[in-house]
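S.K.: Dropping a structure here in structure tokens format, bear with me for questions.
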Amino acid sequence: MSIDFLIIGAGVIGLAVARELKRRHPAAAIVALEKEAAPGRHSSGRNSGVLHSGLYYAPGSLKARLCRQGALEMADWHERHGIPLNRCGKILTPLAVEDAPHMERLYARAKINGVRVEKLDAQDLKTLEPETRSATGEALWIPDTAVGAPAEVLKTLADEVRAAGVEIHNGAELARVDVAARQVTLKQGGRISFGYAINAAGLHADRIAHWFGLGKRYALLPFKGLYWKLKADAGIRLEHLIYPVMDLRTLTLGIHTTPATDGAIYLGPTAVPALGREHYGGLRGLSLLEAPRMLRDLGRMFLHDSEGYRQQAWQEGRRYFRRGFLEAVRALLPNVRAEHLTPDAKVGLHPRIFDRERGALLKDFIVERDAHSLHILGATSPAWTSAFPFARHICEQMTED
Ligand SMILES: Cc1cc2nc3c(=O)[nH]c(=O)nc-3n(C[C@H](O)[C@H](O)[C@H](O)COP(=O)(O)OP(=O)(O)OC[C@H]3O[C@@H](n4cnc5c(N)ncnc54)[C@H](O)[C@@H]3O)c2cc1C
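Residue numbers (this note's numbering): 28 to 428.
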């Protein structure tokens, strides 16, 4: 088989790129390879579904440039396709008095990034979300953050892409690349020759980029996101996304509430190191081959305390257990008790990218390319929110070649 564009991975990024490519090159032959039986079995189908406002990201970064526009387009996608969307808005609250300067920094960054933000006093907070605790009495209100439905988005997006003429090959895993011949071999058998390849393989993207001879300084570190649910009979009414104020240097957003479109309230996710690219639970997905490298990279970050990682490792490690998780929830919502929570089956893995030269995790999306391939590395949050403008950015990068 010989085609113009080969897309590796049919998560939200691979599908959004397929859609954009087909718009720009209607006559091109485009194939998206997906190793699972259907699209969206990894990060794109296991996330919180938050349409982020773009408030956290360093001005000028890809995340800051793509997230705000992405949220508008993703919300529009929901509405045009009749997919439920909860336009609930988000509260950011300081959990300690020492967080007050972090809150000011977040407020300033929101303004720079063009995100609507307001300051709330104790009375406003009590009126808006009475269960929420603030150590200073103040909080921030971000009205434009919403919660969508990732699984339904993936399904409609896959349908639209197929209808436009892109072939999605499910159960087709790329296993080998002959870069000089521009040909890939599938694990299930069969070869495909391509003009240009786009690697959107999420948790496997760094490994595939290395096969193409690119991005060798980057290696993936997976972090496990576990969720709990608030029981419907807990008697605790929550209507908004409620997040702790975080230090902008840290890598995680902290345990927060997500009011899903089906009415369930999720708490989480954690960001606990995993020892395999698909290490979702127990021994399932644990990689004996890759775990030593992952432990070494984590150890390096711990030793150098990159981005305050030591404190984060300690904090996140505790949250793996019910008691530590409950502690984090109660810092935000003091009335929640252990019997109000139930563990949820949803588990996602964040594909964080470790830069071996700097010995630290990267915060922005990374795109590596040469004349015949492009690789999307570290497509962590808010890649789901940013998917449509991110796809345009990728196509523009390809055009430069
Ligand atoms: C717990 C958690 C919560 C999150 N919450 C949010 C949120 O609220 N808002 C937000 O914007 N973002 C969120 N994110 C991030 C978001 O989910 C991801 O950034 C996004 O889904 C990445 O999409 P992707 O297409 O790059 O990766 P994926 O969805 O992982 O897709 C990659 C695909 O490639 C396939 N693949 C891999 N290797 C091969 C191969 N060799 N051959 C063929 N196919 C292959 C995989 O099977 C997979 O389907 C969250 C992530 C996690 C883990």
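Heads up, the beta-carbon is just placed ideally off N, CA and C, and yes, glycines get one too.
Spatial neighbours of residue 28 within its chain, please: C-beta separation below 8 angstroms, excluding the five flanking residues on both sides.
M.R.: These residues qualify, in order along the chain: 58, 217, 218, 219, 220.
S.K.: Is any non-hydrogen atom of ligand 1 found closer than 7 angstroms to the C-beta of residue 377, if you look at the structure I gave you?
M.R.: Checking the Cβ of residue 377 against ligand 1 gives yes.
S.K.: What I want to know is whether the C-beta of residue 235 ends up closer than 7 angstroms to one or more non-hydrogen atoms of ligand 1.
M.R.: True, at least one ligand heavy atom lies under 7 angstroms from that Cβ.
S.K.: Counting along the chain, where does the alpha helix (DSSP H) carrying residue 50 start and finish?
M.R.: Note, residue 50: alpha helix (DSSP H), 39 to 51.
S.K.: In the DSSP assignment, what are the bridge partners of residue 255?
M.R.: Partner(s): 294, 370.
S.K.: Is it a yes or a no for the region 76 to 88 touching the region 172 to 188, going by three-plus beta-carbon pairs under 8 angstroms?
M.R.: Verdict: yes, contact present.
S.K.: Based on Cα-Cα distance, which residue from 320, 364, 183, 347 lies nearest to residue 263?
M.R.: Per the Cα distances, 364.
S.K.: Cβ of residue 279 versus every heavy atom of ligand 1: is any distance shorter than 7 angstroms?
M.R.: No, the Cβ of residue 279 stays beyond 7 angstroms of every heavy atom of ligand 1.
S.K.: Measuring alpha carbon to alpha carbon, tell me which residue in 50, 298, 372, 247 is nearest residue 255.
M.R.: The residue with the shortest Cα to Cα distance from residue 255 is 372.
S.K.: Beta carbon of residue 268, beta carbon of residue 288: below 8 angstroms?
M.R.: Not in contact: residue 268 and residue 288 (Cβ atoms no closer than 8 angstroms).
S.K.: Return yes when the Cβ of residue 134 is within less than 8 angstroms of the Cβ of residue 167, no when it is not.
M.R.: It is a contact, given that the beta carbons lie within the stated cut-off.
S.K.: In terms of alpha-carbon separation, which member of 417, 395, 266 lies closest to residue 245?
M.R.: Checked all of 417, 395, 266; the closest Cα to residue 245 is 395.
S.K.: Counting Cβ pairs, one atom from each stretch, are 3 or more of them under 8 angstroms apart for the region 125 to 132 and the region 228 to 244?
M.R.: No: fewer than three Cβ pairs fall under 8 angstroms.
S.K.: Does the region 316 to 328 come close enough to the region 290 to 306 that 3 or more CB-CB pairs lie under 8 angstroms?
M.R.: Counting Cβ pairs under 8 angstroms, three or more are found: they touch.
S.K.: Write down every uninterrupted run of the alpha helix (DSSP H) in the region 121 to 177 whose length is 4 residues or greater and which is fully enclosed by it, in chain order.
M.R.: Those alpha helix (DSSP H) runs which fall completely within the region 121 to 177 and span 4+ residues are 127 to 139, 149 to 155.
S.K.: Terminal residues of the continuous alpha helix (DSSP H) containing residue 356?
M.R.: Residues 349 to 359.
S.K.: Excluding the 5 residues preceding and the 5 following residue 280 in the sequence, name in chain order all residues of the same chain whose CB lies nearer than 7 angstroms to its CB.
M.R.: For residue 280, where only same-chain residues beyond five positions count, the Cβ hits under 7 angstroms are 270, 273.
S.K.: Buried or exposed: which applies to residue 106, given that a residue is buried once 16 or more other Cβ atoms fall within 10 Å of its Cβ?
M.R.: By the neighbour-count rule (16 or more Cβ atoms within 10 Å), residue 106 is not buried but exposed.
S.K.: Indicate the three-state DSSP secondary structure (helix, strand or coil) for residue 250 in the structure shown.
M.R.: Correct three-state label for residue 250: strand.
S.K.: Using a 10 Å radius around the Cβ and a threshold of 16 neighbouring Cβ atoms, would you call residue 392 buried or exposed?
M.R.: It counts as buried.
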